[in-house]
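Trainee: Below you will find the structure I want to go over with you.
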Amino acid sequence: MSALAHPLAANLVQSVDWLAIAPPTLTAVVGLAVLVADLFLPEAKKPLLGWVSVAGLAAAALLLLPLLGHDRSTFCLTGTTRACSYTADRFTLVVQFLVLAGALLTALLSVTTLKDGNRRYPQGEFWFLLLSSAAGAALLPASRDLATLIVALEVASLPAFALVGIRHGDKRSSEAALKFFLSSVTATAVSLLGVSFVYATTGSLYLTQVADRIQHVDGQLHTLAQTGVVLTLVGFAFKTAAVPFHFWVPDTYVGAPLPIAAYLSVVGKAVGFSGLILVTVVAFPSYADVWGPALAALAALTMTVGNVAALRQQATRAYSAVRLLAWSSVGQAGYLLVPIAAAGYTDDAQKVVGSTVAYALMYAAVNLGAFAVAAAVARTARLNRISDYRGLYARNPLAALLLAFFLLCLAGLPPGIIGLFAKVTVFSAAVDAGLGWLAVVMAVNVVIALYYYLQWTALLFRAPEGEPARHRLPAPLTAALALTGTLGIVLSGAPQLVLRFAATGLF
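Here's what the structure looks like:
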């Protein structure tokens with residue numbers, strides 16, 4: 003009895019690498035501190051909570067620097083079998099940077115939104131939920147077992163439901179949160195069923211052990227293992243807004259506070275794609291014949307549905323600008339799925355998925371910038387219609403030029419060089435993997451997207467209706483615009499900063 007208990011105790015008692023887990027841990031600690039401080043601060047002082055949250059996210063992002071160049075792991079099995087639950091490798095650090103930077107820009111946008119909200123937002127709860135979601139999103143790319151993956155996915159998701167419906171007295175916001183919650187919970191339940199099937203066939207939850215053991219499952223359990231693989235992917239496909247798991251996106255983006263819509267479009271996608279990469283490339287590489295064709299079909303369907311729906315948006319419809327960005331994000335999700343699908347057809351799958359991360363970094367910078375401009379316009383045009391952007395250059399030249407640049411990046415046209423190069427790397431991944439048909443579908447969709455991106459861009463420079471009224475933007479909103487604009491311009495001037503991930507891989 004004691005001989006059996008000794009190795010078990012050895013596995014349970016181990017040191018924790020606090021530096022490796024510092025970024026998500028600090029984010030969570032700051033979230034708890036903000037929630038407690040909210041109990042004691044008078045109403046006039048509560049805007050300080052926003053700046054504490056911004057500082058906490060910035061500090062968490064800076065904690066990534068000591069981890070560069072080192073692969074660190076913790077919460078590991080000891081003894082002859084080496085498997086860890088948390089790994090801070092190159093892939094983890096890149097995605098954590100995307101998550102924390104995206105959450106930081108969301109926080110800057112939220113400072114202005116909460117100030118303009120006339121106490122419709124409970125500030126302490128808002129910042130606690132945002133930081134909690136960011137902590138879960140930062141944990142997910144480091145997760146190396148299926149249990150931690152699902153827990154991180156839910157920690158990132160559950161606060162997001164509340165954030166969507168946090169606006170007091172807004173029926174549309176409550177309905178959006180309920181739709182988001184019900185559809186997400188269903189997808190998570192399906193994923194948990196898949197994880198249970200995988201565990202039943204392999205006897206392990208660690209990704210590396212699953213990858214080894216699932217190749218040698220008994221013939222009678224082969225169908226169960228295949229079913230587990232497919233069902234496990236569902237929850238992550240939902241987070242990426244892949245068709246047919248996309249139906250929550252437009253109403254949720256419209257009903258949510260605009261900074262939260264921006265957060266879901268970038269950080270929510272980062273969560274989904276990092277999870278998909280881990281379960282496909284790391285845990286289930288031997289089942290590439292199952293998930294490769296499935297993801298290729300999802301990619302084609304997602305980009306087509308997203309772009310066609312964006313094309314049909316009416317400029318005078320209420321919230322049409324947000325709806326167009328929502329459908330555009332669905333289309334962009336299709337492009338992001340292409341390299342992951344291509345990984346199922348190549349021998350070096352871990353290198354191919356670098357194209358997804360390179361594209362995601364470009365998309366995050368410019369899409370957050372587009373939402374920042376939308377937030378600026380929404381301060382004077384509450385319905386945020388595309389037609390409200392007519393003559394924006396006459397009212398706010400800098401905002402108009404930045405939005406035009408962001409839209410051209412998303413379209414893949416100069417001077418948005420980073421958008422063009424990112425699309426080329428994704429296109430090349432499909433061609434190199436022998437998915438010529440998928441490359442053709444992508445090319446057609448890029449042409450479709452050009453129409454609505456250029457139509458919106460042209461509208462910015464048309465003569466305004468009536469006398470243009472200039473409005474000064476608040477400092478946090480100006481800072482968000484400056485950061486996203488600078489990042490987009492730098493990446494267009496030096497695209498190799500992110501495109502090298504497509505060439506060298508991430509693992």
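Take the position in the sequence shown, starting the count at 1, then add 2; the result is the number in the numbering used here. For glycine and all other residues, C-beta sits at the position ideal for the given N, C-alpha and C. As the structure is a computational prediction, the values presented were derived from the model and not from experiment.
#1: Output the boundary residues of the alpha helix (DSSP H) element that contains T188.
#2: In terms of DSSP beta bridges, what is A90 paired with?
#3: From L10 to L79, what distance separates their C-alpha atoms?
#4: How would you label R397, buried or exposed, when you count the other beta carbons within 10 angstroms and need 16 or more for buried?
#5: If distances are taken between C-alpha atoms only, which option among A298, A244, V340, P68 comes closest to G308?
#6: Would you give the residue range spanned by the alpha helix (DSSP H) that S135 belongs to?
#7: Do you know how far the Cα of L409 is from the Cα of Y453?
#8: As a quick exercise: from L462, A227, S494, A424, pick the residue whose alpha carbon is nearest that of G393.
#9: From A90 to R174, what distance separates their C-alpha atoms?
#10: Does the region 337–344 come close enough to the region 380–390 to have 3 or more Cβ pairs within less than 8 Å?
#11: What is the rounded straight-line gap between the Cα of A445 and the Cα of R122?
#12: So within the region 140–168, which uninterrupted alpha helix (DSSP H) runs reach at least 4 residues, ignoring any that extend past its ends?
#13: Could you compute how far the alpha carbon of T480 sits from the alpha carbon of V200?
#14: Helix, strand or coil for Y347? Go by DSSP, reduced to three states.
#15: Check whether the region 126–143 and the region 103–117 are in contact - that is, three or more C-beta pairs closer than 8 Å.
#16: In the DSSP assignment, the alpha helix (DSSP H) including G58 goes from what residue to what residue?
#17: Distance, Cα to Cα, L493 vs F99?
#18: Going by DSSP, which residues form a beta bridge with Y391?
#19: Could you say which of G333, T225, Y255, Q334 lies nearest to A320 if we only look at CA atoms?
#20: For Y547, which of helix, strand or coil comes out of DSSP?
#21: Anyone know if the C-beta pair for T358 and I262 falls short of 8 Å?
#22: One question on the structure: do L67 and P25 come within less than 8 Å of each other, judged by their Cβ atoms?
#23: Is it true that the CB of G436 sits closer than 8 Å to the CB of K425?
#24: Suppose the cutoff is 7 Å on Cβ atoms and the five residues either side in sequence are ignored; what does the same chain contact list for V283 look like?
#25: Start and end of the alpha helix (DSSP H) containing W439?
#26: Could you pull out every residue in the same chain whose Cβ sits closer than 6 Å to the Cβ of L326, ignoring the five residues on either side in sequence?
#27: Would you kindly work out how many angstroms separate the C-alpha atoms of P1 and A465, rounded to a whole number?
Mentor: Taking the structure as given:
#1: Looking up residue 188 in the sequence shown gives position 186. Here the alpha helix (DSSP H) through T188 covers 173–204.
#2: Stepping through the sequence shown from its first residue, residue 90 is reached at position 88. Looking at the DSSP assignment, A90 forms a beta bridge with R74.
#3: Along the sequence shown, one-based indexing puts residue 10 at 8. Along the sequence shown, one-based indexing puts residue 79 at 77. The pLDDT assigned to L10 is 47, lower than 50, so where the model puts this residue is not dependable; a value taken from the coordinates is nonetheless given after this. One C-alpha to the other measures close to 10 Å.
#4: Position 395 of the sequence shown holds residue 397. R397 should be labelled buried.
#5: By 1-based counting over the sequence shown, the position of residue 308 is 306. That would be A244, whose Cα lies nearest to the Cα of G308.
#6: Translated into positions along the sequence shown, residue 135 becomes position 133. Note, S135: alpha helix (DSSP H), 125–141.
#7: Along the sequence shown, one-based indexing puts residue 453 at 451. Along the sequence shown, one-based indexing puts residue 409 at 407. Between Y453 and L409, the C-alpha separation is close to 11 Å.
#8: To locate residue 393, count along the sequence shown from 1; it is residue 391. G393 has its Cα closest to that of L462, out of L462, A227, S494, A424.
#9: Along the sequence shown, one-based indexing puts residue 90 at 88. Along the sequence shown, one-based indexing puts residue 174 at 172. Their backbone Cα atoms lie some 40 Å apart in a straight line.
#10: no
#11: Within the sequence shown, the letter at position 443 stands for residue 445. Within the sequence shown, the letter at position 120 stands for residue 122. Roughly 44 Å separates the two Cα atoms.
#12: 148–166
#13: Stepping through the sequence shown from its first residue, residue 480 is reached at position 478. Stepping through the sequence shown from its first residue, residue 200 is reached at position 198. The straight-line gap from Cα to Cα measures roughly 48 Å.
#14: Your numbering for residue 347 matches position 345 in the sequence shown. Three-state result, Y347: coil.
#15: yes
#16: Taking the sequence shown and counting its residues from 1, one reaches residue 58 at position 56. Segment 49–64, the alpha helix (DSSP H) holding G58.
#17: On the sequence shown, residue 493 is found 491 positions in, with the first residue counted as 1. On the sequence shown, residue 99 is found 97 positions in, with the first residue counted as 1. Going by the C-alpha atoms only, they are around 15 Å apart.
#18: Your numbering for residue 391 matches position 389 in the sequence shown. According to DSSP, which records beta bridges pairwise, Y391 is partnered with nothing at all.
#19: If you number the sequence shown from 1, residue 320 lands on position 318. For A320, the nearest C-alpha among the options comes from Y255.
#20: For residue 547 there is no data in the structure shown, the boundaries of the chain being 3 and 509.
#21: In the sequence shown, the residue the question calls residue 358 occupies position 356. In the sequence shown, the residue the question calls residue 262 occupies position 260. It is not a contact, given that the beta carbons lie outside the stated cut-off.
#22: Looking up residue 67 in the sequence shown gives position 65. Looking up residue 25 in the sequence shown gives position 23. The answer is no: Cβ separation not under 8 Å.
#23: Position 423 of the sequence shown, counted from the start, is the residue given in the question as residue 425. Position 434 of the sequence shown, counted from the start, is the residue given in the question as residue 436. Contact: no.
#24: Taking the first residue of the sequence shown as position 1, residue 283 is located at position 281. Same-chain partners within the cutoff: A345, A351, Q352, V355.
#25: Indexing the sequence shown from 1 puts residue 439 at position 437. It spans 438–462 - the alpha helix (DSSP H) in which W439 sits, taken as one unbroken run.
#26: For the purposes of this step, residue 326 is taken as the residue at position 324 of the sequence shown. Here the set comprises A312, Q315.
#27: Residue 1 lies beyond the residue range present for the chain, which begins at 3 and ends at 509; the question has no answer from this structure.
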